[in-house]
Amino acid sequence: SRQLLLFPLFFVLYEMASYLSNDAYLPAMPLIKEHIHTSEILVRDSLTSWFLGGCMVQLLIGPLSDYFGRRKVMLLGGIVFVLSTIACALATNIHMLIWMRFIEGSTIATMAVSGYATIHAMYDTKKSIKTIAFMNSISVLAPALGPLAGALILQWWPWQTIFYALAIWAIIPLALLKWDMPETAPIKQHSLNLKDILSRYKRIALNHRFMIY
1203 SRQLLLFPLF FVLYEMASYL SNDAYLPAMP LIKEHIHTSE ILVRDSLTSW
1253 FLGGCMVQLL IGPLSDYFGR RKVMLLGGIV FVLSTIACAL ATNIHMLIWM
1303 RFIEGSTIAT MAVSGYATIH AMYDTKKSIK TIAFMNSISV LAPALGPLAG
1353 ALILQWWPWQ TIFYALAIWA IIPLALLKWD MPETAPIKQH SLNLKDILSR
1403 YKRIALNHRF MIY
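Numbered per the numbering used here, the sequence shown spans residues 1203 to 1415.
See below:
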């Protein structure tokens, strides 16, 4: 009962930190351009690389979660998120920033896939829909409040502070999730076989009802 109550709350706090990592630093982009002496296009590429990271690993996270466990995959992804966010603040050139942003974005898939799969496994269909709707009503604030929060930080501190603040924010719910995230996956139910994984995705792609939705 404790996990049923607390897991969605801690999860949505971590989710907000993840989404803010793409919104809060938007006001700092001109300052980043000046600080590391690069072009505006390359600074914008650091935004694109975050989205590419999030898109490119999603199909792998599901099989990894089934094999190693959703809890382990999500918490490991959270650790990588914190480290890559700190690395963004320490970036001394645009290429390092772009790569760290790519890694940071890829961790979003561990949260989105493993976390929401856990929600669906913890509750019945009706309750899980209500819980996700509640979480989305909170996380949707990130795009609205992120640039404002970033701009306020820039009033007093350098742009690196935005990434440090996001890393500290993420550490708190991740520490709480370590205690209150249940393991809902039957670990090692499937083998980690690339041929089997591609075969399962092929069956999904050939499911007409799924593809129509």
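Where is the CB? At the ideal position from N, CA and C, for every residue including glycine. Please read all numbers here as calculations on a predicted model, not as lab measurements.
Quiz item: Which term fits Arg-1272, buried or exposed, when burial requires 16 or more other beta carbons within 10 angstroms of its beta carbon?
Solution: buried
Exercise. May I have a chain-ordered list of the alpha helix (DSSP H) segments no shorter than 4 residues that lie completely inside the stretch 1236 to 1262?
Key: 1242 to 1258
Quiz prompt | Exposure of Arg-1303, with buried meaning 16 or more beta-carbon neighbours within 10 Å | solution = buried
Practice problem: Could you work out which residue in Ile-1374, Tyr-1227, Met-1324 and Ser-1223 is closest to Trp-1361 when comparing CA atoms only? | Solution: Tyr-1227
Quiz item: Smallest Cα separation from Asp-1225: which of Arg-1402, Trp-1359 and Leu-1347?
Solution: Leu-1347
Quiz item: Are three or more beta carbon pairs between the stretch 1312 to 1330 and the stretch 1264 to 1284 nearer than 8 Å?
Solution: yes
Exercise. Check each candidate in Ile-1296, Val-1342 and Leu-1249 and name the one with the smallest Cα separation from Lys-1235.
Key: Ile-1296
Quiz item: So Tyr-1216 is in the alpha helix (DSSP H); what residue range does that whole segment cover?
Solution: 1204 to 1225
Exercise. Mind checking which residues open and close the alpha helix (DSSP H) that includes Leu-1343?
Key: 1343 to 1358
Quiz item: In terms of alpha-carbon separation, which member of Gly-1307, Ile-1373, Ala-1377 and Ser-1286 lies closest to Val-1259?
Solution: Gly-1307
Practice problem: Work out the CA separation of Tyr-1318 and Pro-1349 for me, nearest whole Å. | Solution: 26 Å
Quiz item: By the 10 Å Cβ neighbour count, where 16 or more other Cβ atoms means buried, how is Ile-1370 classified, buried or exposed?
Solution: exposed
Quiz prompt | Alpha carbon of Ile-1243 to alpha carbon of Lys-1328, nearest angstrom | solution = 45 Å
Quiz item: What whole-angstrom Cβ distance do Leu-1408 and Ala-1230 have, given they're in contact under 8 Å?
Solution: Going by Cβ atoms, the distance from Leu-1408 to Ala-1230 rounds to 45 Å, so no, they are not a contact pair.
Quiz prompt | Residue-level contact to chain C via CB, Ala-1323, 9 Å cutoff | solution = Absent from the structure is chain C; it holds one protein chain and no more.
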